[in-house]
Structure formats: structure tokens, C-alpha cells
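*Asks:* Numbering follows numbering that gives the first Met the number 0, with no gaps: position 458 of the sequence shown is 457.
Ideal Cβ placement from N, Cα and C applies to all residues, glycine included.
For clarity, every value in this text was computed on a predicted model and none was experimentally measured.
Next up is a structure, given as C-alpha cells.
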Amino acid sequence: MAETSEKDEKTKEELEPDITIEYDVQSTIIYGIGDSPPIYLTMFFATQQALSSLAGCIILPLLVAEAACALNSGIFIRKLASTTLFLSGFTTVLQVTIGIRLPLYQGPSSSYAVPLIALNKMDSARCDYHQFYGINSSADMNMTTESALQEQLIEVRVREMMGPLILAGLLHALIGATGLVGVLLRFIGPITIVPTILLIGIYIVKPVMKYTESHWGISALVWVVSLILSLYLGHRPMPIPVWTPKKGFRVVRYPLHQMFSILISILIGWSVCGIMTYAGAFSSDPNSLSYKARTDARADVIRDTGWFYMPYPGQFGSPLYSLSVTVGFLIATLTSILDSIGDYYATAAMCRVPPPPKHGVNRGIAVEGLCSAISGAFGAGHATTTYGGNIGAIGMTKVASRQVFLIMGLIYMVLGVLAKVSAVFISIPYPVLGGSTITLIGVFVGVNLSNLRVIDLASTRNLSIMGTAVFVGLLVPTWMEKNSKTIKTGSDSFDQIITMLLGNPNFFGGFLACLLDNTVPGTEEERGILAWKHPELTDCATNYLEGDEVYDLPLPDRLKNSSLLKYIPLCSQFGKGQKDIEEKGENYNLEKMEVVQNGKEHRF
Numbered sequence: 000m001a002e003t004s005e006k007d008e009k010t011k012e013e014l015e016p017d018i019t020i021e022y023d024v025q026s027t028i029i030y031g032i033g034d035s036p037p038i039y040l041t042m043f044f045a046t047q048q049a050l051s052s053l054a055g056c057i058i059l060p061l062l063v064a065e066a067a068c069a070l071n072s073g074i075f076i077r078k079l080a081s082t083t084l085f086l087s088g089f090t091t092v093l094q095v096t097i098g099i100r101l102p103l104y105q106g107p108s109s110s111y112a113v114p115l116i117a118l119n120k121m122d123s124a125r126c127d128y129h130q131f132y133g134i135n136s137s138a139d140m141n142m143t144t145e146s147a148l149q150e151q152l153i154e155v156r157v158r159e160m161m162g163p164l165i166l167a168g169l170l171h172a173l174i175g176a177t178g179l180v181g182v183l184l185r186f187i188g189p190i191t192i193v194p195t196i197l198l199i200g201i202y203i204v205k206p207v208m209k210y211t212e213s214h215w216g217i218s219a220l221v222w223v224v225s226l227i228l229s230l231y232l233g234h235r236p237m238p239i240p241v242w243t244p245k246k247g248f249r250v251v252r253y254p255l256h257q258m259f260s261i262l263i264s265i266l267i268g269w270s271v272c273g274i275m276t277y278a279g280a281f282s283s284d285p286n287s288l289s290y291k292a293r294t295d296a297r298a299d300v301i302r303d304t305g306w307f308y309m310p311y312p313g314q315f316g317s318p319l320y321s322l323s324v325t326v327g328f329l330i331a332t333l334t335s336i337l338d339s340i341g342d343y344y345a346t347a348a349m350c351r352v353p354p355p356p357k358h359g360v361n362r363g364i365a366v367e368g369l370c371s372a373i374s375g376a377f378g379a380g381h382a383t384t385t386y387g388g389n390i391g392a393i394g395m396t397k398v399a400s401r402q403v404f405l406i407m408g409l410i411y412m413v414l415g416v417l418a419k420v421s422a423v424f425i426s427i428p429y430p431v432l433g434g435s436t437i438t439l440i441g442v443f444v445g446v447n448l449s450n451l452r453v454i455d456l457a458s459t460r461n462l463s464i465m466g467t468a469v470f471v472g473l474l475v476p477t478w479m480e481k482n483s484k485t486i487k488t489g490s491d492s493f494d495q496i497i498t499m500l501l502g503n504p505n506f507f508g509g510f511l512a513c514l515l516d517n518t519v520p521g522t523e524e525e526r527g528i529l530a531w532k533h534p535e536l537t538d539c540a541t542n543y544l545e546g547d548e549v550y551d552l553p554l555p556d557r558l559k560n561s562s563l564l565k566y567i568p569l570c571s572q573f574g575k576g577q578k579d580i581e582e583k584g585e586n587y588n589l590e591k592m593e594v595v596q597n598g599k600e601h602r603f
């Protein structure tokens, strides 16, 4: 064993000088979850992961700004971007240290923007300060007064998000801390998840169109460049000249263009906008549609912003509570929980470690909920969730080190404090953001559709349920947009709740899918529930590189041996004697044999 260990260490040392350039599609994980790469490699990998997720931290604040009636307020969007970057980093640090402890990035969740955008669509006057303050629209007011009233309206709309997000985050954390996640998974499976998240991607089309319509050509350019680099040329690693003291100068191949495809496409689109702005191709009238394609459209935000800004709780005021927003956020919470659980399993499979145990999932969901509540206190307008794109990056780089994601979180926290950097990010022209959003939302929907692999797609039952859920999930909310005043029960509060439920596509479609999936007869294998309950039966179940210890909290041995911990859902792996472990192993083997026999050895 000692010789083998020395040999492995020697092999790793030989690989280290070229770890950033050598690439082999068939190779295994180079750095496991518990490994610590050299600091220079760690910084490189962390920066790479941070850049690959940066677009999401720019686009989601813009969606929140739209929901808060603040698309034209550069200062507000800058503060929102700084807050998003800071909280994304903070949540990532907590998740990899005391949460699920897998290499995961926690970024802003789009699930929470959908109900707010739905409210704006159903109430076109929601962003009209004349109606909000009861002012005659024909009243004569100077620009300073109008600007002040609009800023006050924005502040109210943001505060209306704060209270519901705090409540939703606390519920989110409670579900994880009490172990109620297992109860949810008894009734909610892939057939519910796929239509729910698919409807989010479809419903977000109209908000994204506001960015692409300023110049469809540049949006298409950004999208096509990212498509070519990531898909068409993804299997062709680019030649890179390198020099190392050990091997001298040589040319190696590495898929650099694939990993940075979104970033490269944004830079190219931004450069084209800069050239066209200099050439006078875009209108200089702020009311013109093409004005937002100019690189200097938000130059005043960069100029007027200080170098540093520290986000803090209550920066937009004290929380308010809107019943309709609260209902929408509670629905988004359930969607976010289930989406994160799917990402946990996907990350474990990518890193070639055992599926997450219950206590690990409980901790991950609890940390997400806690940080969502903190986001509400900061006025971010959105919760945090795991990002599937970073899971794919692990497969590309073969680096699954927890330390890399810890440094990545710290990088985001620093970027959030550097206000000038945030201001530069939000000055990216609209069509560039629109083109990158096409790619990101496309990947988001595609990752969701991957859940279909564990269900029986030859089953008429499954196809009918999902098809009906998607169709009706679009039909009813679209009708509600045009007939938002139809619901009249005699209670304004009750009217708001019903309008929100019927106008929220991911809730209505997801609820219908869940109801049908649990009432129409079908086997667990057919529904995909079996694969979720027993992930150890999948093809990824063998040849683990690390064991269950990757999920263990870094607690002192004396505390780990306390018998009280086995009653806590967040720490249930501790406090168990050897007899308990052996009995669990025997029961697990019997259960696995029973599943294999009844299902004729299921493999997914």
C-alpha cells in the first residue's frame, strides 16, 4: 500500500506542471474533491470557473431590475449587481465548507424572477408612479420631481421583494434542517420537474427579447460565436504554445475556446458594438431602440460610481410584505429545492463519488435557504441556487477540488465590493447580453431535459402528462395576462393569490404535472422515481474515486462520537456505533437485491 501511495504521489507531481494544458477526454479526475492543487493552479482554475459563470450574475440582476421597474436606473442596477456578486460568493463559500461540501457554485436563481415578471405583465400600470401615488398623468412636473418619484417607486418594489424572500428563504432552510426533503421526493419526481423548469425557460423569452431587439444582428453574432466555439469546435482542442523548465517549448492542445466560449463571444460582441458606436451606426437618442446597443449608453454609471461599495442588509430600506409576491416566492422555493437536489446528484456522478446521503442533502438545502433569507435582507430580489454550467466545467477540466470553489467564492466577494468592476459589467450593451442569454437559457433548459433519461419515454402516460402540463401551463397564464381583472371573489387579497397562482406558468404547469403523476397509475420505474430513490443502481455507481467522507462536516472527533448527533438531520452520519453501521449495510444490500429482482435489474 505504501508503495502504491508513493507511486500515485509521484504520478501527480509529474502531472502538475502541465495540468493546465494537457487534455484527455477519456482521462479520470485529476484533482478530487478532497485534493488541494498548488496555489497557482488553484487560482487559475478558480478564475476560470468564476469567468464561466459571470454572465449569469449580470443577466439575473437585470431581470430583477425589470421586476422592480428599474431598468433605466443605472445606479440601482449597479448596486444590485454588486450585491449579487457578493452574495453568490458568500453562499458558495458556505456551501462548500458546511453545506453539501461538493464542488458547487451558488448563483442567482431565475425561478424567483418569473413570478415578478408575471405580475408586471398582468398589471401594466404596476411601474407607473402616477397611478401608484394617485397623481394626474397630465400634471406638470419637472424632471427632478419625476426622477425622485420613480426612485421612490423602485425602492417600494424592491422592499416588497425583501419580506417575501426572507420568509421563503427561512422555509427553504427549515425544509433542509428538518429533513422534509425526503417527504417532498416521495411525491415529486422527474415528470414534475421537467415541465416546471421548462416553463421557466419558455416564459422568460419575452423579457430576453428586450435585450435582443435593440440589434438582432449582434445578438445573433454573440450566440453563433458561442455555439461554434462550444459545440462545433468543442471536440477539437486548440493548439497552444507553452514553455516549461522541465520540457521546454512545445505546442499542446487544450479546449480553451470551449471553456471560455461565452466569455469570448461576449468580448467579440462588445467589441463590435464599440466599433459601430464609434462609426455612428447607432442612434444617440436615448429613446431610440438602438441606443441601448451603444457601448457608452451607461457610461455615466461608470463615471459616477466610486471604486468601492459594500453591500449591506437594508440598503434599500426595511422589508415590506406583498401577499402575491410571497405566494410566488414560496412556489419558486419548491422549484429551486428540487432543481438543486438534481444538481447534487449530477455533481456527485461527475466527480465519481457516492450519491449524496440524506444528511448531506439536508445541509445543502438548509444553507441555500439561509443564504436566500440573507439575500432578501440585502434586497437582492432573488435567491441562490446551484449552477449546472459549472458542473459541466468540472467534466471539462477534470478538476473537482473543493478548494477551487472556495477560492472562486472569495473572488466573487471581492468583485462585489469593487463597485467600478460591477459598473463595467452592467455597461455591456443590451444585444450582447441578449445573445449570451440565448446560450445560457438554452443550456439551462437542456440540463433540465436531461432528467428525462430516467423515465420511460415510450410510456403514453408520461408523454401525455408532460405535454398537457406544458401546454396548459402556457395557456392559462397567457389568458391571465389579458384578463387579469377577471378574478373577483370579493376579497382583494384572495384575488391577488388566485391571480398569482394562475398567472405563474411554472407553478400551474408544475402543479398539474405533479397532480397527474401522483393520481394516474404508473410504476416507480416508469415514472423515474426508482432512479431517484436508488441512484446507486445507475451506471455511475461503480469505481468511486472517493468515499462518503467527502460529505462529512469538519468536526472534532470527540463531537463526532456524540450519540446526540444521530438525531440531527444535518449530522445523522455521526454518533452511530459500529453495530448501527453494519445493520444499515445489511438492510441496504437486502433492499438493493429486492429492487433488482422486482425490477429485473434496472439500469438507467
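Going straight from the alpha carbon of ILE57 to that of ASN361, what length do you get?
*Replies:* Locating residue 57 in the sequence shown gives position 58, counting from the first residue. Locating residue 361 in the sequence shown gives position 362, counting from the first residue. Going from the Cα of ILE57 to the Cα of ASN361 covers about 29 Å.
*Asks:* Run through DSSP, which three-state label would PRO238 get?
*Replies:* One-based indexing of the sequence shown puts residue 238 at position 239. In the structure shown, PRO238 sits in a strand (DSSP, three-state: E or B).
*Asks:* How would you label THR541, buried or exposed, when you count the other beta carbons within 10 angstroms and need 16 or more for buried?
*Replies:* Within the sequence shown, residue 541 is the residue found at index 542, counting from 1. Annotation note: pLDDT 49 at THR541 (below 50); position unreliable, no value reported.
*Asks:* How many Å lie between ASP299 and PRO428 at the Cα?
*Replies:* Taking the first residue of the sequence shown as 1, we reach residue 299 at position 300. Taking the first residue of the sequence shown as 1, we reach residue 428 at position 429. The alpha-carbon atoms of ASP299 and PRO428 are separated by roughly 14 Å.
*Asks:* Considering only residues of the same chain and omitting the five flanking positions on each side of TYR343, which have a CB-CB separation below 7 Å?
*Replies:* Locating residue 343 in the sequence shown gives position 344, where the first residue counts as 1. Answer for TYR343: ILE99, LEU101, PRO355, VAL360 and GLY363, listed in chain order.
*Asks:* Would DSSP call GLU8 helix, strand or coil?
*Replies:* Within the sequence shown, the letter at position 9 stands for residue 8. Because the pLDDT of GLU8 is 48, which lies under 50, any placement of that residue in the model is unreliable, and the question is left without a value.
*Asks:* What residue does the alpha helix (DSSP H) around GLY216 start on, and which one ends it?
*Replies:* On the sequence shown, residue 216 is found 217 positions in, with the first residue counted as 1. 215-226 is the span of the alpha helix (DSSP H), which, as asked, contains GLY216.
*Asks:* Among residues of its own chain, excluding the 5 on either side of ALA67, which ones have a beta-carbon nearer than 6 Å to its beta-carbon?
*Replies:* Looking up residue 67 in the sequence shown gives position 68. Excluding positions up to five away in sequence, the list reads ILE153, ARG156 and VAL157.
*Asks:* Nearest to ARG235 by alpha carbon, out of LYS291, LEU53, VAL180 and HIS256?
*Replies:* One-based indexing of the sequence shown puts residue 235 at position 236. ARG235 has its Cα closest to that of HIS256, out of LYS291, LEU53, VAL180 and HIS256.
*Asks:* Go ahead and label PHE248 buried or exposed: buried means 16 or more other beta carbons lie within 10 angstroms of its beta carbon, across all protein chains shown.
*Replies:* Residue 248 sits at position 249 when you count from the first residue of the sequence shown. Answer is exposed; the Cβ neighbour count stays below 16.
*Asks:* Would DSSP call THR384 helix, strand or coil?
*Replies:* Position 385 of the sequence shown, counted from the first residue, corresponds to residue 384. Residue state, collapsed to three classes: strand.
*Asks:* DSSP on THR522, reduced to helix/strand/coil?
*Replies:* Against the sequence shown, residue 522 aligns to sequence position 523. Note: THR522 maps to coil in three-state DSSP.
*Asks:* Which residues bound the alpha helix (DSSP H) around GLY375?
*Replies:* Against the sequence shown, residue 375 aligns to sequence position 376. Per DSSP, GLY375 belongs to the alpha helix (DSSP H) from 357-377.
*Asks:* Between the alpha carbons of ILE97 and GLU548, how many angstroms are there, rounded?
*Replies:* Taking the first residue of the sequence shown as 1, we reach residue 97 at position 98. Taking the first residue of the sequence shown as 1, we reach residue 548 at position 549. Distance between the alpha carbons of ILE97 and GLU548: 13 Å.
*Asks:* Closest by CA to LEU612, which one among THR488, GLN94, ARG77 and CYS370?
*Replies:* Nothing about residue 612 can be read from this structure; the chain reaches only from 0 to 603.
*Asks:* GLY313 by DSSP, collapsed to three states: which one?
*Replies:* Locating residue 313 in the sequence shown gives position 314, counting from the first residue. Of the three classes helix, strand and coil, the one that applies to GLY313 here is coil, per DSSP.
*Asks:* Beta-carbon separation of GLY415 and VAL92 under 8 Å?
*Replies:* By one-based count along the sequence shown, residue 415 stands at place 416. By one-based count along the sequence shown, residue 92 stands at place 93. Not in contact: GLY415 and VAL92 (Cβ atoms no closer than 8 Å).
*Asks:* Anyone know if the C-beta pair for VAL193 and ASN517 falls short of 8 Å?
*Replies:* Translated into the one-based positions of the sequence shown, residue 193 becomes position 194. Translated into the one-based positions of the sequence shown, residue 517 becomes position 518. No. Outside cutoff.
*Asks:* Mapping DSSP to helix, strand and coil, what is TYR308?
*Replies:* Walking along the sequence shown from the start, residue 308 turns up at place 309. Residue state, collapsed to three classes: coil.
*Asks:* Taking DSSP as the reference, what is the three-state secondary structure of SER287?
*Replies:* As a position in the sequence shown, residue 287 is number 288, starting the count at 1. In this structure, SER287 counts as coil in the three-state DSSP scheme.
*Asks:* Considering only residues of the segment 415-451, which uninterrupted alpha helix (DSSP H) runs meet the minimum length of 4 residues and lie entirely inside it, listed in chain order?
*Replies:* As far as the segment 415-451 is concerned, its whole alpha helix (DSSP H) runs of at least 4 residues are 418-425 and 429-448.
*Asks:* Given this structure, state the Cα-to-Cα distance separating PHE327 from ARG252, to the nearest angstrom.
*Replies:* Stepping through the sequence shown from its first residue, residue 327 is reached at position 328. Stepping through the sequence shown from its first residue, residue 252 is reached at position 253. The residue you asked about is not Phe; residue 327 is Gly in the sequence shown. If I take the Cα positions, the gap works out to 48 Å.
*Asks:* Going by DSSP, which residues form a beta bridge with GLY247?
*Replies:* The residue given as residue 247 occupies position 248 in the sequence shown. In the DSSP output, where bridge partners are listed per residue, GLY247 has THR243.
*Asks:* Excluding the 5 residues flanking GLU12 on each side, which residues of the same chain have their C-beta closer than 8 Å to its C-beta?
*Replies:* As a first step, residue 12 is located in the sequence shown; it is residue number 13 there, counting from the start. Here GLU12 scores only 44 on pLDDT, less than 50, and its place in the model should not be relied on; the value that follows carries that caveat. Excluding residues within five positions, none has a Cβ falling inside 8 Å.
*Asks:* Would you call TRP222 buried or exposed, if buried means 16 or more other Cβ atoms sit within 10 Å of its Cβ?
*Replies:* Numbered from its first residue, the sequence shown carries residue 222 at position 223. Label assigned to TRP222: buried.
*Asks:* Do the segment 433-443 and the segment 460-479 meet, that is, are 3 or more Cβ pairs less than 8 Å apart?
*Replies:* No, they do not touch.
*Asks:* Please check the pair PHE85 and PRO238, which I expect to be a contact at CB under 8 Å, by giving their CB distance rounded to whole angstroms.
*Replies:* On the sequence shown, residue 85 is found 86 positions in, with the first residue counted as 1. On the sequence shown, residue 238 is found 239 positions in, with the first residue counted as 1. With 8 Å as the limit, PHE85 and PRO238 do not qualify as a contact, their Cβ atoms being about 39 Å apart.
*Asks:* Compute the Euclidean distance between the alpha carbons of LEU500 and PRO163, then round it to the nearest angstrom.
*Replies:* Residue numbering aside, residue 500 sits at position 501 when the sequence shown is read from its first letter. Residue numbering aside, residue 163 sits at position 164 when the sequence shown is read from its first letter. For LEU500 and PRO163, the distance between alpha carbons rounds to 15 Å.
*Asks:* In three-state DSSP terms, what is PRO107?
*Replies:* Mapped onto the sequence shown, residue 107 falls at position 108. Correct three-state label for PRO107: strand.
*Asks:* Which two residues bound the contiguous alpha helix (DSSP H) that contains ILE263?
*Replies:* Position 264 of the sequence shown, counting from 1, holds the residue named residue 263. Unbroken alpha helix (DSSP H) run through ILE263: 260-277.
*Asks:* Can you look up TYR411 in the DSSP assignment and give me helix, strand or coil?
*Replies:* Locating residue 411 in the sequence shown gives position 412, counting from the first residue. Three-state DSSP puts TYR411 in a helix.
*Asks:* Would ALA431 be called buried (16 or more neighbouring beta carbons within 10 Å of its own) or exposed?
*Replies:* Walking along the sequence shown from the start, residue 431 turns up at place 432. Rather than Ala, the amino acid found at residue 431 in this sequence is Val. Counting Cβ neighbours within 10 Å, VAL431 comes out buried, since at least 16 surround it.
*Asks:* Quick check on SER636: buried or exposed, where buried means 16 or more other Cβ atoms within 10 Å of its Cβ?
*Replies:* The requested residue 636 is not part of the displayed model; the chain covers only 0 to 603.
*Asks:* Could you have a look at ARG100 and say whether DSSP puts it in helix, strand or coil?
*Replies:* On the sequence shown, residue 100 is found 101 positions in, with the first residue counted as 1. Reduced to three states, the DSSP call for ARG100 is coil.
*Asks:* If you count every other CB in all the chains shown that lies within 10 Å of the CB of GLY182, and 16 or more means buried, which is it?
*Replies:* Taking the first residue of the sequence shown as position 1, residue 182 is located at position 183. According to the sequence provided, residue 182 is Val. The question's Gly does not apply to it. By the neighbour-count rule (16 or more Cβ atoms within 10 Å), VAL182 is not buried but exposed.
*Asks:* Alpha carbons only, please: which of ILE199, MET412 and VAL250 is nearest the one belonging to PRO240?
*Replies:* Mapped onto the sequence shown, residue 240 falls at position 241. The shortest Cα separation from PRO240 among ILE199, MET412 and VAL250 belongs to VAL250.
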